[in-house]
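Below is one structure, written out as C-alpha cells; comments come after it.
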Amino acid sequence: MSKNKILSINNVHVEIEGKEIVKGVSLQINSGEKHAIMGKNGSGKSSLANALAGHPNYEITSGTVELDGENLLDKSATERSLAGLFLGFQYPLTIPGVTVANFLRAAIKARNGDGIDIKNFRKVFKEKMKLLKIEDSFATRYLNDGFSGGEKKRLEILQMAMLRPKLAILDETDSGLDIDALKIVANGIMESAPKDGGVILVTHYQRMLDYIKPDMVHIMIDGRIVKTGGAELALELEAGGYDKLETEVSQEVGV
Amino acid sequence: MNTVTMRKNSIDFRGQNRFEPEWLYNIRKESWNYYNDLELPHRSNHLWRYTNAQDLLPNNLEELIKIIPSLPDQSENDSSYGDEDFSGYGYNRSDFMTFARLSHDFEKSGVVFKDLLTASRENEDIVKKHLGQLVGYGFGKFEAMNLALWNTGLFLYVPDNIEIKKPIRLQRHPSGPNTIHRLLVVVGNNSKLTLIDDYSGECRKEEAQSNSAVEIFTGDASNVKYFNTQRLSNSCISYITQRAQISRDAKFVSVFAGIGSKISKFNTGTILNGEGAESKLYGIVFGNENQHFDYHTMHHHTASNSYSDIDFKVVLKDEAKSAATGLIRVEEDALNCQAYQVNRNLLLNEGPKAESIPELEILCDQVQCSHGATVGPIDQDMLFYLMSRGVDYKEAMNIITLGYLEPTIEKFPVELGELTRELLATKMKG
Ligand SMILES: Nc1ncnc2c1ncn2[C@@H]1O[C@H](COP(=O)(O)OP(=O)(O)O)[C@@H](O)[C@H]1O
Ligand SMILES: [Mg+2]
C-alpha cells in the first residue's frame with residue numbers, strides 16, 4: 023500500500039466564542055492507518071473533530087489542514103463532506119420529520135453518482151443495515167428520534183458505511199454501547215471503514231481498541247497532544263489512568 | 005384613527021336581479037346595509053391586531069355591486085364528467101360564471117352540486133335554511149360584504165347515507181380586482197365526503213382581492229374532510245372565513261395549507277354542536293419574502309363529550325410575518341370535553357416575525373384541555389449535521405423545513421398530505 027498522506031494537520035488552534043480550546047495540534051495520517059485520540063472529558067477532542075468538519079462555532083484561528091493533498095479549511099462543511107471527510111458525532115442530532123432513509127438519500131444524492139448510485143440506494147442501504155444489525159423498521163423512523171444511545175451510534179456507522187469517506191473521525195462512537203453493541207459497531211467500522219483512507223477513533227476507553235487495533239495512539243490533554251505512541255500506549259493509559267500520565271507530562275513540560 | 009364611517013359615502017344597493025329569488029335579494033340587501041353600518045375593524049380588536057383592515061377593503065364598490073353571478077351555460081354544465089380521481093369538480097370562470105360537475109355515479113343519489121344562484125331557486129328550502137347561518141352579516145364587516153356581494157358561489161348537498169369516496173375538487177381562481185366567493189355545504193346523517201377547496205392562480209391585477217366565505221353543516225355520524233389550500237400568487241390579497249358545524253357523533257377533519265398571497269387572513273373554526281362530535285384541525289403555513297399571514301383557528305364546544313384537536317405549524321423565511329391566534333371555547337353545559345391545541349413556528353433566518361397566541365374560554369370545569377405555543381429559530385446544530393453529510397445549505401434548510409412540518413402533515417388524510425407535500429416542493433423550488 024502506498025504511504026500517501028490522507029490527512030495532515032499542522033499546528034491547529036481552535037477557538038469557541040473567543041476562547042482557545044485546541045492549542046496547537048499536529049497529526050499526520052497515512053492511507054490505511056487507524057489512529058486513536060484519547061483524553062479526558064474536556065480535553066478538546068470533540069472541538070478538534072467539529073472544527074475539522076467545519077462547524078461554524080469552532081473557529082480554526084491558525085494552522086493548516088489538508089485532506090488527501092487538498093486544503094480543507096477553505097471549504098464549507100458541505101464541501102468537506104464531499105471531499106471525503108466524515109464525522110461520526112459524539113451526540114448525534116435528532117431530526118424530527120426526516121426519516122433515516124430520506125436523510126441518507128439526500129446525502130447520497132448530494133454526491134451525484136460519486137459513490138453509490140442513487141438507483142442502488144435501496145440495495146446498499148439494506149446491506150449496511152444488516153451489517154450493523156439495524157432493523158428494517160428504522161428506515162422509516164425519524165432520524166434519531168427516540169433512539170437509544172447505542173442505536174444512534176450504530177446509525178452513525180451506517181452513515182459512514184453508506185458515504186464511504188476517505189477519512190472518518192469517529193467521536194466516541196463506543197460510548198454508551200453495551201458489549202454486544204460494541205462488537206457490532208466495531209465490526210461495522212472494520213468492514214466499512216475506508217481501506218485506503220484513514221480513521222480517527224476518538225475515545226477515552228481502551229475497550230474499543232481491543233476490536234480495532236490502532237496504528238497510533240495520541241493522548242490529548244488541555245488542547246494539546248502530549249504523547250504519541252503505538253497501540254500499547256492505550257494499554258498503559260488504561261493501567262495507570264490519566265492522572266498518572268498528566269503528572270508525568272506536566273513534570274516534563276513544567277521543568 | 006382607523007375607523008371609517010361608511011354611511012356618508014355609502015352607495016345604494018342595486019335592484020333585484022331577475023335570476024335571484026326575493027328572499028336572497030333581501031338577504032343581500034340587508035347584508036349590504038349591515039356592511040355600511042359596521043365600522044372598519046380597528047386594531048384594538050384582538051383579531052385585527054396584526055392586519056390592517058384597510059388593506060382588505062375594495063376600492064371599487066360601485067362596480068362590484070353590479071356584478072351578479074351569471075347563470076352557468078347549461079350545455080357546459082351538463083357536459084359529461086369522466087375524471088377518474090374526483091367525484092366532482094367545481095370552478096369559477098373569470099367572468100364570474102360558476103360551474104359544478106358531478107360524476108355520473110351520483111346521478112340518482114340525490115346529491116346536489118351546482119352554482120349557488122341556481123341552487124337558491126331550485127333548492128330554495130335547503131339554501132334558505134343554511135345560507136349565512138355560520139358566516140353571516142353578523143360575523144363581521146368583511147363577512148357582511150361577502151353575503152351582500154358574492155359574485156361566484158357553489159352549493160353542495162349530500163343527503164343522508166351517501167358515501168362519496170373520491171374527493172370533490174373546487175378550483176377558485178380570482179379574477180378581476182375582486183372575487184367574492186361563497187360556498188355552502190350541507191351533508192346529511194351518516195354520509196361521507198372529502199372536499200378539496202383550492203385557491204390558486206395569478207391575480208391579474210396587482211393586489212387583486214379574494215374574499216371567501218365557507219359554511220359547512222354536517223349531519224349526525226357523518227364523516228367529512230375539508231381541505232383548504234391557499235396558493236394564490238404573491239400579489240393577491242386573500243381573506244377566507246370558514247365555519248363548520250358538526251352534529252352528534254360526526255367526525256370532521258379540516259386541513260389547511262397556506263403558502264400564497266401577499267396578505268392572507270384566514271379564520272377557520274368548527275362548532276362541535278352534538279354529543280360525541282370530533283373535530284380535528286390541522287394546518288401549515290409556509291411564508292417567504294414579504295408575505296403576511298394572519299390565521300385564526302377556533303374550536304367551540306357546545307355539546308358534551310366532544311373532542312377537538314388542533315395542530316398548526318408555521319415556517320417563515322426572508323421577511324415574512326405570521327400571527328396565529330387559536331381560540332378554544334367550551335360552554336358551561338358541555339361536559340367532559342377534550343380540547344387540545346398546539347401551534348409551532350419555525351423561523352429560518354433573522355428577518356421573519358411570528359406571534360402565537362392561544363386563547364382559552366373554558367366555562368366548564370369538567371374538561372381536559374391542553375395548549376402549547378412555540379416560536380423558535382432553526383437549530384444550527386441540526387443544520388450542521390445535514391451539511392456534514394454533504395447536503396448543501398439550501399437543501400439542508402429545505403429538509404429541516406419539511407421535517408418540521410411533516411409530523412403535522414402526517415396527520416392529514418393521506419391524499420391531502422400528498423397534495424400538501426407537492427405544494428411545498430413547488431414553493432421551495434420557486
Ligand atoms: N459549543 C461549545 N460552547 C462552549 N464551550 C464548549 C463548546 N464545546 C466545547 N466547549 C468547551 O471546550 C472544552 C473542550 O470540550 P470538548 O472538545 O467537548 O472536549 P472532549 O471532547 O475532549 O470531551 C470544554 O471545556 C468544553 O466546555
Ligand atoms: Mg467529546
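Top to bottom, those sequences are chains A and B. All letters in the first sequence, in the order written, are residues 23 to 277 by the working numbering. All letters in the second sequence, in the order written, are residues 5 to 434 by the working numbering. Here a beta-carbon is modelled for each residue, glycine too, at the ideal position from N, C-alpha and C.
Is residue i helix, strand or coil by DSSP?
i                      : result
residue 41 of chain A  : strand
residue 159 of chain A : helix
residue 438 of chain B : Nothing about residue 438 of chain B can be read from this structure; chain B reaches only from 5 to 434.
residue 33 of chain A  : strand
residue 276 of chain B : strand
residue 194 of chain A : coil
residue 124 of chain B : helix
residue 226 of chain A : coil
residue 208 of chain B : coil
residue 262 of chain A : helix
residue 108 of chain B : helix
residue 108 of chain A : strand
residue 23 of chain A  : Per-residue confidence for residue 23 of chain A stands at a pLDDT of 43, beneath the threshold of 50, marking its modelled position as unreliable; no derived number is given.
residue 223 of chain B : coil
residue 296 of chain B : strand
residue 268 of chain A : helix
residue 427 of chain B : helix
residue 68 of chain A  : helix
residue 28 of chain A  : strand
residue 51 of chain A  : strand
residue 9 of chain B   : Caution applies to residue 9 of chain B, whose pLDDT of 48 falls short of 50 and renders its modelled position unreliable; the value that the coordinates give is listed next. In this structure, residue 9 of chain B counts as coil in the three-state DSSP scheme.
residue 405 of chain B : helix
residue 397 of chain B : helix
residue 277 of chain A : Caution is warranted here: a pLDDT of 39 is assigned to residue 277 of chain A, below 50, making its placement in the model unreliable, and the coordinate value is therefore given only provisionally. Residue state, collapsed to three classes: coil.
residue 63 of chain A  : coil
residue 76 of chain A  : coil
residue 133 of chain A : coil
residue 21 of chain B  : coil
residue 455 of chain B : Given that chain B is displayed from residue 5 to residue 434, the structure contains no residue 455 of chain B and the question cannot be resolved.
Could you give the residue range of the beta strand (DSSP E) that holds residue i?
i                      : result
residue 176 of chain A : Where residue 176 of chain A is concerned, there is no enclosing beta strand (DSSP E), although the alpha helix (DSSP H) it sits in stretches over 171 to 185.
residue 81 of chain A  : 80 to 89
residue 283 of chain B : 282 to 291
residue 175 of chain B : 172 to 176
residue 182 of chain B : 182 to 191
residue 384 of chain B : Per DSSP, residue 384 of chain B belongs to no beta strand (DSSP E); it is in the alpha helix (DSSP H), 384 to 391.
residue 157 of chain B : 156 to 162
residue 249 of chain A : 246 to 251
residue 248 of chain B : 241 to 250
residue 169 of chain B : Looking at the DSSP string, residue 169 of chain B is not in any beta strand (DSSP E), and its letter there is neither H nor E.
What are the boundary residues of the alpha helix (DSSP H) that residue i is part of?
i                      : result
residue 101 of chain A : 99 to 104
residue 138 of chain B : Careful: residue 138 of chain B lies outside any alpha helix (DSSP H) and carries neither H nor E.
residue 308 of chain B : Where residue 308 of chain B is concerned, there is no enclosing alpha helix (DSSP H), given that its DSSP letter is neither H nor E.
residue 195 of chain B : Looking at the DSSP string, residue 195 of chain B is not in any alpha helix (DSSP H), and its letter there is neither H nor E.
residue 214 of chain A : 201 to 214
residue 144 of chain A : 143 to 153
residue 152 of chain B : 145 to 153
For ligand 4, is there a heavy atom less than 8 Å away from the beta-carbon of residue i?
i                      : result
residue 193 of chain A : Among the ligands present in this structure, namely ligand 1 and ligand 2, ligand 4 is not found.
Cβ contact (3+ pairs, closer than 8 Å) linking the region 106 to 113 of chain A and the region 184 to 191 of chain A: The region 106 to 113 of chain A and the region 184 to 191 of chain A touch, with no fewer than 3 CB-CB distances between them shorter than 8 Å.
Do three or more CB pairs link the region 248 to 263 of chain B to the region 215 to 235 of chain B at distances below 8 Å? Cβ pair count under 8 Å is three or more, so yes.
Using 8 Å as the cut-off, can you tell me whether the region 255 to 272 of chain A makes contact with the region 87 to 97 of chain A, which would need three or more C-beta pairs spanning the two stretches below that distance? Cβ pair count under 8 Å is below three, so no.
Just to confirm the assignment: which complete alpha helix (DSSP H) runs, minimum length 4, are found wholly within the region 33 to 100 of chain B? Within the region 33 to 100 of chain B, the complete alpha helix (DSSP H) runs of at least 4 residues fall at 65 to 68 and 78 to 82.
Contact set, ligand 1 heavy atom to C-beta under 5 Å: Residue selection by CB proximity (closer than 5 Å to any heavy atom of ligand 1) returns A:38, A:43, A:63, A:64, A:65, A:66, A:67, A:68 and A:69 in chain order.
Taking 8 Å as the threshold, find out whether the region 164 to 179 of chain B comes into contact with the region 139 to 147 of chain B through three or more Cβ pairs. Counting Cβ pairs under 8 Å, fewer than three are found: no touch.
Do the region 185 to 196 of chain B and the region 409 to 418 of chain B meet, that is, are 3 or more Cβ pairs less than 8 Å apart? Three or more beta-carbon pairs separated by less than 8 Å are not found between the region 185 to 196 of chain B and the region 409 to 418 of chain B, which leaves the two stretches without contact.
For the region 239 to 253 of chain A against the region 42 to 51 of chain A, do three or more pairs of beta-carbon atoms, one drawn from each stretch, fall closer than 8 Å, so that the two count as touching? Yes, the region 239 to 253 of chain A is in contact with the region 42 to 51 of chain A.
Is there contact between the region 105 to 120 of chain B and the region 50 to 65 of chain B, where contact requires at least three CB pairs shorter than 8 Å? No, the region 105 to 120 of chain B does not touch the region 50 to 65 of chain B.
Any chance the region 296 to 308 of chain B sits against the region 267 to 280 of chain B, with 3 or more Cβ pairs inside 8 Å? Taking a contact to require three or more Cβ pairs closer than 8 Å, the region 296 to 308 of chain B and the region 267 to 280 of chain B qualify as touching.
As an exercise, report each continuous alpha helix (DSSP H) stretch of at least 4 residues that is fully enclosed by the region 313 to 377 of chain B, in chain order. Fully enclosed alpha helix (DSSP H) runs of 4 or longer: not present.
Any chance the region 116 to 134 of chain A sits against the region 197 to 204 of chain A, with 3 or more Cβ pairs inside 8 Å? The answer is no - the region 197 to 204 of chain A does not touch the region 116 to 134 of chain A, with fewer than three Cβ pairs under 8 Å.
Hey, is the region 67 to 77 of chain A in contact with the region 359 to 379 of chain B, meaning 3+ C-beta pairs nearer than 8 Å? Judged by Cβ distances under 8 Å, the region 67 to 77 of chain A makes no contact with the region 359 to 379 of chain B, as fewer than three pairs qualify.
Below 8 Å, can you find three or more Cβ-Cβ pairs linking the region 36 to 51 of chain B to the region 118 to 137 of chain B? Result no; under three Cβ-Cβ pairs closer than 8 Å.
Is the region 86 to 103 of chain B touching the region 146 to 154 of chain B, taking contact as three or more C-beta pairs under 8 Å? Counting Cβ pairs under 8 Å, fewer than three are found: no touch.
Decide yes or no for the touch test of the region 130 to 150 of chain A against the region 389 to 398 of chain B: beta carbon pairs closer than 8 Å, at least 3 of them. Taking 8 Å as the limit for Cβ pairs, the verdict is that the region 389 to 398 of chain B does touch the region 130 to 150 of chain A.
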